[in-house]
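The numbering used here runs 10 ahead of the 1-based position in the sequence shown. Here the structure comes first, spelled out in structure tokens, and everything after it is commentary.
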Amino acid sequence: MKATINNQQIELPEGATIATIAASRNLPEKGVAVAVNNNMVPRGEWSGYEVKENDNIVILKAFCGG
């Protein structure tokens with residue numbers, strides 16, 4: 011199944027969830043937000059949110075700076 015993550019098309023296994031994507035990308039426990047098709051997905055829903063064919067996923071990481 012194909013999906014887009016941060017403007018890069020990738021191949022994902024069927025049944026992939028946001029939680030499995032986060033784990034495969036070693037995302038930190040805090041300071042990360044995920045939107046699917048322009049809708050924010052709360053962290054508590056990541057494990058049950060199954061990615062679908064052609065979903066557009068945006069992963070945002072908080073950072074400090076000035």
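Every residue gets a Cβ at the ideal spot worked out from N, C-alpha and C, and that includes glycine.
Let me know if residue i comes out buried or exposed under the rule of 16 or more other beta-carbons within 10 Å of its beta-carbon.
| i | result |
| --- | --- |
| residue 85 | Residue 85 lies beyond the range of the chain shown here (11 to 76); nothing can be said about it. |
| residue 26 | buried |
| residue 13 | buried |
| residue 77 | Residue 77 lies beyond the range of the chain shown here (11 to 76); nothing can be said about it. |
Starting from residue i, follow its DSSP beta bridges and name the residues at the other end.
| i | result |
| --- | --- |
| residue 62 | According to DSSP, which records beta bridges pairwise, residue 62 is partnered with nothing at all. |
| residue 70 | 43 |
| residue 49 | 46 |
| residue 13 | 20 |
Would you please state the rounded distance, in angstroms, between the beta carbons of residue i and residue j? I believe it to be under 8 Å.
| i | j | result |
| --- | --- | --- |
| residue 15 | residue 46 | About 10 Å; that fails the 8 Å criterion. |
| residue 61 | residue 22 | 6 Å |
Pull up the distance between the alpha-carbon of residue i and that of residue j, whole angstroms please.
| i | j | result |
| --- | --- | --- |
| residue 56 | residue 29 | 5 Å |
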